[in-house]
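For the sequence shown, this note's numbering assigns the number 697 to the initial residue and increments by one for each residue that follows. Just so you know, even glycine gets a beta-carbon here, dropped at the ideal spot from N, CA and C.
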Amino acid sequence: MAVYLEPLEIYRGEKKSWQFTVTGSGGSSSPIDLTSASILFAVYSAAPAGSVSGDGTAVFTRIVGTGITISGAASGIFQLTVNKTNTCSLDVGAGGTDYYYGCELMTTGETEPVVIAQGLFRIHPDVVRAA
């Protein structure tokens with residue numbers, strides 16, 4: 697499968713969503729069917745050295761039904777939403793702080809998850825906090 701490697705950015709305490717489309721490997725643009733798929737998105741304070749789900753303690757995670765919505769299963773499309781509660785208590789420096797994310801997919805019939813996205817997760821400081 698193709699791996700999404702772009703950085704994701706958010707302000708501390710902000711709610712933000714991203715849309716992903718999962719396609720085949722080797723340059724294939726054919727979507728992967730996400731019907732009954734399991735997806736794990738995790739953010740770490742240091743880059744994990746292998747599988748997303750097996751290395752260290754995540755700062756926060758999102759799964760299907762809790763922050764991840766499969767919005768077009770046959771088209772390989774899912775939506776990731778990070779809520780304000782996921783980032784509001786994190787330490788963020790004046791210039792922002794770099795965390796790292798990884799996202800794994802396990803489709804029906806598979807026994808091992810595959811990484812479909814990973815990279816820098818930059819959290820910018822918030823200027824105003826909601827009460």
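Q: Using the DSSP secondary-structure output, state which residues sit across from Asp794 in a beta bridge.
A: Listed as beta-bridge partners of Asp794 by DSSP are Arg818.
In the DSSP output, what is Ile812 paired with across the bridge? Looking at the DSSP assignment, Ile812 forms no beta bridge with any residue, so it has no partner.
inquiry  = Output needed for Phe737: all residues of its chain with C-beta closer than 6 angstroms, excluding positions within five of it in sequence on either side, in chain order.
reply    = Arg758, Leu776 and Cys799
Counting only beta-carbon separations shorter than 7 angstroms, does Gly752 have a partner in chain C?
Protein chain content of the structure displayed is limited to a single chain, and chain C is not contained in it.
* Asked: Going by Cα to Cα distance, which pick from Asp822, Thr804, Tyr797 and Ile819 is closest to Ala813?
  -> Tyr797
Q: Output the distance between the C-alpha atoms of Ile840 and Val760, rounded to the nearest integer angstrom.
A: Residue 840 lies beyond the stretch modelled for the chain, which goes from 697 to 827, so this question has no answer here.
**Q.** Top-ranked residue by Cα proximity to Ile773, from Lys780, Ile764 and Tyr795
**A.** Ile764
| query | For Thr803, does the three-state DSSP call read helix, strand or coil? | reply | coil
Please state whether DSSP places Ala754 in a helix, a strand or coil.
coil
Nearest CA to the CA of Phe756: which residue from Val824, Leu730, Ser785 and Asp729?
Ser785
What did DSSP end up calling Ser767 once you bin it into helix, strand or coil? strand
key: Residue from Lys712, Thr719, Tyr700 and Val739 with nearest C-alpha to Tyr795   = Val739
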